[in-house]
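K.L.:
This is the structure I have questions about; it appears just below.
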Amino acid sequence: MDNLSDQRNYEVISSLEPHKSLTDADADEFDSFLLGCDCDEASPCSATDTCACCLRLPLAYETDGKIKLEYVEGSSQPPIVECGSLCTCRGGCLNRVVGRASAGSPPGVRNSAFETFQTHDKGIGLRTLVNVPARTFVCEYAGEVISLEEARKRSDTFTGDTYLFVIQERSGTASSPIRTCIDARRKGSLGSVHQPLV
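Last residue of the sequence shown: 195 in the working numbering, with the numbers rising by one and none dropped.
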């Protein structure tokens, strides 16, 4: 990963970064989807009848950190909602696979097990140096969180050379979806240089 910065005049980051184009209203809307549970070792997040995060959507992971088969084989995969910074559960929580990986200790493949390389015809690629077990978290797609207006501007400016994702989320009470725009063209993580495998 060390040579990614040199290869693309690129800033390597490990988590999402808000861009100055986001208004206070954008940030408030984004934060409105964040929940926090009050689970602990006595009442862990896998106890879905008490965990606020697991009540929203079922726990997606096995005890070894792999994604449950129903998430992979089902005809419609629900989004995975993990415990986050507003939760009282900590390190060993079964619902923090991506969060632990972003903090540097994933259960499975480590970021150091990858290398970037120049492909023949597709730009920079990412390859693993070890076997990756099935259903194992690989890496997070991180970049700048930008406004929808900034996303449109960048899309027009960088036609054909874009790393832009727009994610739509619907809440049962919201009248319109929340759109989160993530751009990894200027700064991002390992996830910005590989084709998703899901």
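Using N, Cα and C, we set each Cβ at its ideal position, and we do this for glycine too.
Could you please give the first and the last residue of the uninterrupted alpha helix (DSSP H) stretch that includes R151?
P.N.:
If you number the sequence shown from 1, residue 151 lands on position 154. Here the alpha helix (DSSP H) through R151 covers 145 to 154.
K.L.:
Please tell me whether V78 and F134 are closer than 8 angstroms, where the distance is taken between their beta carbons.
P.N.:
Sequence index remark: in the sequence shown, residue 78 carries index 81 (1-based). Sequence index remark: in the sequence shown, residue 134 carries index 137 (1-based). Not closer than 8 angstroms, so no.
K.L.:
Could you check the C-alpha separation between L66 and C42 for me, to the nearest Å?
P.N.:
As a working note, residue 66 is residue 69 in the sequence shown. As a working note, residue 42 is residue 45 in the sequence shown. C-alpha separation (whole angstroms): 19 angstroms.
K.L.:
What first and last residue would you give for the beta strand (DSSP E) that runs through C178?
P.N.:
Within the sequence shown, numbered from 1, the residue matching residue 178 stands at position 181. Taken as a continuous stretch (DSSP letters only), the beta strand (DSSP E) holding C178 covers 175 to 180.
K.L.:
Could you name the residues that DSSP lists as bridge partners for R124?
P.N.:
As a working mapping, residue 124 is identified with position 127 in the sequence shown. Answer is E112.
K.L.:
How many Å lie between Y58 and S189 at the Cα?
P.N.:
Position 61 of the sequence shown, counted from the start, is the residue given in the question as residue 58. Position 192 of the sequence shown, counted from the start, is the residue given in the question as residue 189. Using only the alpha carbons, I get a separation of about 24 angstroms.
K.L.:
Going by DSSP in three states, L194 sits in which element: helix, strand or coil?
P.N.:
What you label residue 194 is simply residue 197 of the sequence shown in a count that begins at 1. Since pLDDT at L194 reaches only 41, below the 50 mark, its modelled position is unreliable, and the value read off the structure follows with that caveat. L194: coil per DSSP, three-state reduction.
K.L.:
Decide yes or no for the touch test of the segment 9 to 20 against the segment 125 to 140: beta carbon pairs closer than 8 angstroms, at least 3 of them.
P.N.:
Contact holds: three or more Cβ-Cβ distances are below 8 angstroms.
K.L.:
Quick one: Cα of K184 to Cα of C50, how far?
P.N.:
Counting from one through the sequence shown, the residue named residue 184 turns up at place 187. Counting from one through the sequence shown, the residue named residue 50 turns up at place 53. Roughly 30 angstroms between the two C-alpha positions.
K.L.:
Give the range of the beta strand (DSSP E) segment to which V78 is assigned.
P.N.:
Mapped onto the sequence shown, residue 78 falls at position 81. Where V78 is concerned, there is no enclosing beta strand (DSSP E), given that its DSSP letter is neither H nor E.
K.L.:
Going by C-alpha distance, which of V9, L19, R53 is nearest S144?
P.N.:
Numbered from its first residue, the sequence shown carries residue 144 at position 147. When each option's Cα is compared against that of S144, the closest is L19.
K.L.:
Please report the straight-line C-alpha distance between L52 and C86, rounded to a whole angstrom.
P.N.:
Taking the first residue of the sequence shown as 1, we reach residue 52 at position 55. Taking the first residue of the sequence shown as 1, we reach residue 86 at position 89. If you take the alpha carbons of L52 and C86, they lie about 15 angstroms apart.
K.L.:
Using CA atoms only, rank isn't needed, just tell me which of D61, P76, C84 is closest to D37.
P.N.:
Sequence index remark: in the sequence shown, residue 37 carries index 40 (1-based). Residue C84 is the option with its Cα nearest to D37.
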